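Residue 302, in full-length UniProt numbering, is where the sequence shown stops; the numbers in between run on with no holes. Ideal Cβ placement from N, Cα and C applies to all residues, glycine included. Quantities reported herein were computed from a predicted structural model and do not represent experimental measurements.
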Amino acid sequence: MPCSRLGYCHQALLSTLESVSLMPDTQLSSTFYDQTCPNALRAIRTSIRQSISRERRMAASLIRLHFHDCFVQGCDASILLDKAATPTSERSAASNVSSVRGFELIDAAKSEVEKICTRVVSCEDILAVAASDTSIYVGGPSWAVKLGRRDSTSASRRLAESDLPRFTYNLDQLISNFARKGLSVRDMVALSGNKDHTPSAMHDASHFAIGYMTMGATLMLVLLVADAVTAPLLRIMEMKKGLLQSDRVLFNGGSTDSIVSEYSKNPSVFQSDFASALIKMGDIKPLTGQHGVIRRICSALN
């Protein structure tokens with residue numbers, strides 16, 4: 001049926017995209033493992049926090065890993081599969097090579113969980129818990145993690161190449177990219193505002209190689225370097241010194257300028273929106289019920 005108004009058509013398109021990208025989460029619950037593996041969350045958090053205490057930058061890396069997983073095939077731990085498991089490993093995609101890390105931390109947490117309950121807790125849920133807990137651990141936003149996702153038996157480098165946002169995208173392309181995953185413009189700005197681009201890290205070439213390659217490569221509001229909180233990306237964007245085009249377009253005379261300004265002036269609003277966006281991101285096409293598997297080793301197929 002033809003649309004009589006452009007605004008109506010745009011809203012209808014976004015609603016359709018949301019219904020395609022997000023699946024009902026009626027099977028997901030924060031208490032999912034209370035009966036089957038009651039000590040799972042404690043084991044995950046203990047393992048992850050031990051790792052973060054050795055390298056605090058890893059907090060940003062784990063949130064980034066969660067982002068790169070959910071944007072490809074949905075939140076299904078497909079990014080954790082290495083080349084030995086599948087030749088189409090997402091790790092080899094341009095947006096992930098030399099950019100995404102933290103795989104060994106998830107493997108280590110999974111190993112600890114397997115000691116107390118075998119093949120009960122999915123790698124995807126461990127990744128989701130790790131992302132949330134590391135944010136809390138370094139003083140970032142907190143959110144309730146819904147659990148009950150299962151793991152995929154495949155990965156797609158092709159989808160990783162096409163679905164992850166690129167650092168060369170203009171504002172319209174970024175908005176469209178996030179809308180296809182059921183995420184709003186506000187979600188997009190909140191997630192982008194948690195980038196790992198900070199003045200005190202720019203001197204380190206290895207940090208640049210690890211963290212600054214793609215839009216989705218750098219999630220985290222604050223970067224703790226030598227135990228000192230550095231300036232968030234939002235203020236860098238306001239000074240027009242964003243490192244990437246995809247950063248600059250968020251505060252460059254366009255429709256998202258007001259959101260960036262609001263977040264910069266009201267950090268509590270930003271934190272609330274970021275937490276909300278992470279919850280929505282965790283709902284992107286999860287495998288639940290009889291779909292998917294519980295992988296014993298996160299990097300390998302059973």
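With respect to the 8 Å criterion, Thr86 and Ser135 are not classified as neighbours on the basis of their beta carbons. Distances from the CA of Ala40 to each of Val120, Ala190 and Phe270 were compared; the closest alpha carbon is that of Val120.
A residue is called buried when at least 16 other Cβ atoms come within 10 angstroms of its Cβ; Asp172 does not meet this threshold and is exposed. Residue ranges of uninterrupted beta strand (DSSP E) with 3 or more members are absent from the stretch 55 to 140; none lies entirely inside it. Gln290 counts as exposed, since fewer than 16 other C-beta atoms from the protein chains shown sit within 10 angstroms of its C-beta. Here the stretch 64 to 72 lies against the stretch 274 to 284, with 3 or more beta-carbon pairs under 8 Å apart.
A direct Cα-Cα distance of roughly 42 Å separates Leu174 from Lys115.
The stretch 142 to 156 and the stretch 175 to 185 do not touch, with fewer than 3 CB-CB distances between them shorter than 8 Å. Of the residues Cys117, Glu112 and Leu183, the one whose Cα lies closest to the Cα of Asp34 is Cys117.
Ranking Val293, Ser258, Gly292 and Ala190 by CA distance to the CA of Ala277 puts Ala190 first. Taken atom to atom, the span from the alpha-carbon of Arg54 to that of Ser142 is near 21 Å. Each residue's CA atom was taken as its position, placing Ile297 and Phe103 some 11 Å apart.
Closest by C-alpha distance to Lys181, out of Glu112, Leu164 and Glu90, is Leu164. Bridge pairing for Asp151: Val293 [DSSP]. Between Cys75 and Arg150, the alpha-carbon positions lie close to 9 Å from each other.
Contact check for Ala109 against Ser47 passes: the beta carbons are separated by less than 8 Å. The C-alpha of His66 is placed about 17 Å away from the C-alpha of Ser162. For Asp257, the closest of Ser192, Lys280, Val145 and Asp107 by C-alpha to C-alpha distance is Ser192.
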